[in-house]
Amino acid sequence: MPWEFREDAPIYTQLIAQIQQRIVGGLLGPGARLPSVRDLAAEAGVNPNTMQRALTELEREGIVHSQRTAGRFVTEDAERIRQLREELARQQVKDFLEGMFQLGFRRTEILALITQEADENAEGEEKTP
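Remember, our numbering sits 46 above the position in the sequence shown when you count from 1.
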(Lines of atoms letter the chains of each structure in order from A and count residues from 1; the text may use other names and numbers.)
(Lines give C-alpha, C1' and ligand atoms only; values in the text may rest on other atoms or scores of the structure.)
Protein backbone atom coordinates (compact mmCIF):
# COMPACT_ATOMS: atom_id res chain seq x y z
CA MET A 1 0.00 0.00 0.00
CA PRO A 2 1.77 3.16 -1.16
CA TRP A 3 1.88 6.29 0.95
CA GLU A 4 -0.32 9.04 -0.46
CA PHE A 5 -0.63 12.61 0.78
CA ARG A 6 -3.08 15.42 0.13
CA GLU A 7 -2.52 19.14 0.42
CA ASP A 8 -5.55 19.75 2.67
CA ALA A 9 -4.26 18.16 5.92
CA PRO A 10 -1.01 18.04 7.89
CA ILE A 11 1.30 15.23 6.79
CA TYR A 12 1.66 13.78 10.30
CA THR A 13 -2.13 13.34 10.64
CA GLN A 14 -2.20 11.61 7.27
CA LEU A 15 0.64 9.33 8.42
CA ILE A 16 -1.35 8.46 11.55
CA ALA A 17 -4.43 7.63 9.45
CA GLN A 18 -2.48 5.49 6.98
CA ILE A 19 -0.70 3.54 9.71
CA GLN A 20 -4.03 3.01 11.47
CA GLN A 21 -5.52 1.70 8.21
CA ARG A 22 -2.61 -0.70 7.79
CA ILE A 23 -3.21 -2.00 11.30
CA VAL A 24 -6.98 -2.50 11.06
CA GLY A 25 -6.63 -3.82 7.52
CA GLY A 26 -4.21 -6.51 8.69
CA LEU A 27 -1.10 -5.31 6.85
CA LEU A 28 0.44 -4.69 10.27
CA GLY A 29 -0.86 -7.40 12.56
CA PRO A 30 -1.07 -7.40 16.35
CA GLY A 31 2.42 -7.48 17.84
CA ALA A 32 4.11 -6.70 14.50
CA ARG A 33 7.40 -4.85 14.75
CA LEU A 34 7.40 -1.52 12.92
CA PRO A 35 10.37 -0.46 10.83
CA SER A 36 12.59 2.22 12.35
CA VAL A 37 11.50 5.85 12.22
CA ARG A 38 14.13 6.56 9.57
CA ASP A 39 13.10 3.58 7.44
CA LEU A 40 9.41 4.47 7.65
CA ALA A 41 10.17 8.11 6.87
CA ALA A 42 12.27 7.14 3.84
CA GLU A 43 9.56 4.77 2.61
CA ALA A 44 6.90 7.48 2.97
CA GLY A 45 9.15 10.25 1.62
CA VAL A 46 8.78 12.45 4.71
CA ASN A 47 11.06 14.02 7.28
CA PRO A 48 11.95 11.62 10.14
CA ASN A 49 10.73 14.24 12.65
CA THR A 50 7.29 14.15 11.00
CA MET A 51 7.18 10.35 11.20
CA GLN A 52 8.35 10.49 14.83
CA ARG A 53 5.49 12.87 15.64
CA ALA A 54 2.96 10.49 14.06
CA LEU A 55 4.34 7.46 15.91
CA THR A 56 4.37 9.34 19.21
CA GLU A 57 0.67 10.11 18.75
CA LEU A 58 -0.06 6.47 17.93
CA GLU A 59 1.74 5.49 21.14
CA ARG A 60 -0.30 8.01 23.10
CA GLU A 61 -3.46 6.42 21.66
CA GLY A 62 -2.29 2.94 22.69
CA ILE A 63 -2.10 1.66 19.14
CA VAL A 64 1.64 1.09 19.14
CA HIS A 65 4.13 0.75 21.98
CA SER A 66 7.89 0.98 22.37
CA GLN A 67 10.25 -1.55 23.83
CA ARG A 68 13.43 0.20 24.85
CA THR A 69 16.00 -1.56 22.70
CA ALA A 70 13.73 -3.56 20.39
CA GLY A 71 11.75 -0.80 18.66
CA ARG A 72 8.06 -0.09 18.20
CA PHE A 73 5.33 -2.69 17.94
CA VAL A 74 1.64 -2.76 17.08
CA THR A 75 -0.46 -3.37 20.17
CA GLU A 76 -1.48 -6.96 20.82
CA ASP A 77 -4.70 -5.71 22.42
CA ALA A 78 -7.35 -7.09 20.03
CA GLU A 79 -10.05 -5.01 21.73
CA ARG A 80 -8.10 -1.78 21.09
CA ILE A 81 -7.68 -2.71 17.43
CA ARG A 82 -11.40 -3.53 17.18
CA GLN A 83 -12.24 -0.14 18.73
CA LEU A 84 -9.91 1.62 16.30
CA ARG A 85 -11.52 -0.21 13.38
CA GLU A 86 -14.96 0.89 14.53
CA GLU A 87 -13.80 4.51 15.06
CA LEU A 88 -12.38 4.62 11.54
CA ALA A 89 -15.53 3.08 10.07
CA ARG A 90 -17.77 5.56 11.88
CA GLN A 91 -15.66 8.45 10.58
CA GLN A 92 -15.93 7.08 7.03
CA VAL A 93 -19.71 6.89 7.36
CA LYS A 94 -19.90 10.38 8.86
CA ASP A 95 -17.80 11.85 6.03
CA PHE A 96 -19.86 9.99 3.41
CA LEU A 97 -23.17 11.18 4.84
CA GLU A 98 -21.96 14.75 5.12
CA GLY A 99 -20.96 14.70 1.45
CA MET A 100 -24.25 13.14 0.37
CA PHE A 101 -26.29 15.70 2.33
CA GLN A 102 -24.24 18.48 0.72
CA LEU A 103 -25.18 16.99 -2.66
CA GLY A 104 -28.82 17.33 -1.68
CA PHE A 105 -29.61 13.67 -1.04
CA ARG A 106 -32.17 12.72 1.58
CA ARG A 107 -31.85 9.81 3.98
CA THR A 108 -34.15 7.53 1.97
CA GLU A 109 -32.27 8.22 -1.26
CA ILE A 110 -28.94 7.49 0.42
CA LEU A 111 -30.24 4.20 1.83
CA ALA A 112 -31.61 3.21 -1.59
CA LEU A 113 -28.24 3.92 -3.24
CA ILE A 114 -26.36 1.99 -0.57
CA THR A 115 -28.72 -0.97 -0.92
CA GLN A 116 -28.38 -0.94 -4.69
CA GLU A 117 -24.58 -0.81 -4.56
CA ALA A 118 -24.41 -3.51 -1.88
CA ASP A 119 -26.65 -5.76 -3.97
CA GLU A 120 -24.51 -5.21 -7.08
CA ASN A 121 -21.30 -5.92 -5.13
CA ALA A 122 -22.82 -9.07 -3.63
CA GLU A 123 -23.70 -10.30 -7.14
CA GLY A 124 -20.10 -9.70 -8.22
CA GLU A 125 -18.79 -11.64 -5.23
CA GLU A 126 -21.05 -14.58 -6.08
CA LYS A 127 -19.66 -14.70 -9.62
CA THR A 128 -16.03 -14.64 -8.49
CA PRO A 129 -14.58 -18.20 -8.40
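We put the CB at the ideal spot given by N, CA and C, even for glycine. Quantities reported herein were computed from a predicted structural model and do not represent experimental measurements.
Within this structure, are the beta carbons of residue i and residue j separated by less than 7 Å?
i, j, result
"I201", "T121", "Missing from the structure shown is residue 201; the chain here goes from 47 to 175 and no further."
"R118", "L61", "no"
"W49", "A90", "yes"
"L130", "V70", "yes"
"I57", "V92", "yes"
First and last residue of the alpha helix (DSSP H) that includes residue i?
i, result
"F51", "Neither: F51 is in no alpha helix (DSSP H) and is coded neither H nor E."
"V139", "124-148"
"P81", "Note, P81: premise wrong, no alpha helix (DSSP H); not H, not E."
Below 8 Å on the Cβ atoms is my guess for residue i versus residue j; work out the distance and round it to an integer in Å.
i, j, result
"Q66", "L134", "6 Å"
Here's the rule I'm using: 16 or more other beta-carbon atoms within 10 Å means buried, otherwise exposed. How should residue i be labelled?
i, result
"V83", "buried"
"I160", "exposed"
"V139", "exposed"
"A100", "buried"
In the DSSP assignment, the beta strand (DSSP E) including residue i goes from what residue to what residue?
i, result
"R114", "Element bounds for R114: n/a, residue is neither H nor E."
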